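Below you'll find the structure, written out as structure tokens, and then a few comments.
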Amino acid sequence: MPELPYLAGYDPGLRQQVRELIRRDRLGSWLQERYDQAHEVRTDGALYQYVVGLKDRHMRKAAPLDKVVFDNRLQAVRHALGTHTAVSRVQGGRLKASREIRIAGVFRDAPEPFLRMIVVHELAHLRQSDHNRAFYQLCNHMEPDYHQLEFDMRLYLTQLDLAKRDSVRQ
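The numbering used here applies: residue 977 is where the sequence shown begins, and numbers increase by one.
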């Protein structure tokens, strides 16, 4: 049975249910039935507009974003699925802050709810740097199904790894 690195922190019984779906070759079709709609966000400009739209809807008073891009260098297991940075630089006599969000390139082709979930996660970091109770409350405020989407997104990443492994074998 395959390792489940994206589900390492979940209950062993739940991981066993996922293994059973994999064994029966049903994980991909289950995800397809549940998340059959791709999104239209393909470029960095479209991603910027998408993120700013969510930010303006839920976090109007948060500082503006300077940059939002898909980043193909972000790797799901070793690194984050998205990053947020706030860099402060002295320019002349002024302090300038630059805020940017980078979303892993895998979300360019993922179903829209997964893109929305990762964007909500990164936007929440504008207010809460730690993954604490207030952080998850903010995520749930912006996306009521946040926890379910996070779990399903982990299943999606697992399915992508399985498909990649199968294509290498052939």
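We put the CB at the ideal spot given by N, CA and C, even for glycine.
Computed from a predicted structure; not experimentally measured.
1. So is E1098 buried or exposed if we call it buried at 16+ other beta carbons inside 10 Å?
2. Can you tell me whether L990 is buried or exposed, with buried defined as 16 or more other CB within 10 angstroms of its CB?
3. Ignoring anything shorter than 4 residues or poking outside the segment 1083-1109, list the alpha helix (DSSP H) runs there in chain order.
4. Is K1037 buried or exposed, if buried means 16 or more other CB atoms sit within 10 Å of its CB?
5. Rounded to the nearest angstrom, what separates V1053 and P981 at their Cα positions?
6. Could you give the distance in angstroms between the alpha-carbon of H1055 and the alpha-carbon of G1069?
7. Is the distance from the Cβ of V1041 to the Cβ of I1077 below 8 Å?
8. Taking H1117 as the reference, which of A1139, D987, M1093, L983 has the closest Cα?
9. Decide if H1101 is buried, meaning its Cβ has at least 16 other Cβ atoms within 10 Å, or exposed.
10. Who are the near neighbours of D1085 in its chain, counting only those whose CB is closer than 8 Å to its CB and skipping five residues on each side?
So, from the data block:
1. Looking at its Cβ environment, which holds 16 or more other Cβ atoms inside 10 Å, E1098 is buried.
2. L990 should be labelled exposed.
3. 1088-1100, all fully within the segment 1083-1109.
4. When all chains shown are included, K1037 counts as exposed.
5. Because the pLDDT of V1053 is 45, which lies under 50, any placement of that residue in the model is unreliable, and the number read from its coordinates should be weighed accordingly. C-alpha separation (whole angstroms): 7 Å.
6. With a pLDDT of only 49 at H1055, under 50, the local geometry of the prediction cannot be trusted, and the value read off the model is given with reservation. Taking the straight line joining both Cα atoms gives about 36 Å.
7. A small fix is needed here, since residue 1041 is Leu in this sequence, not Val. Yes.
8. It is M1093 whose Cα lies nearest to the Cα of H1117.
9. Classification for H1101: buried.
10. Cβ neighbours of D1085 beyond the five flanking positions: A1014.
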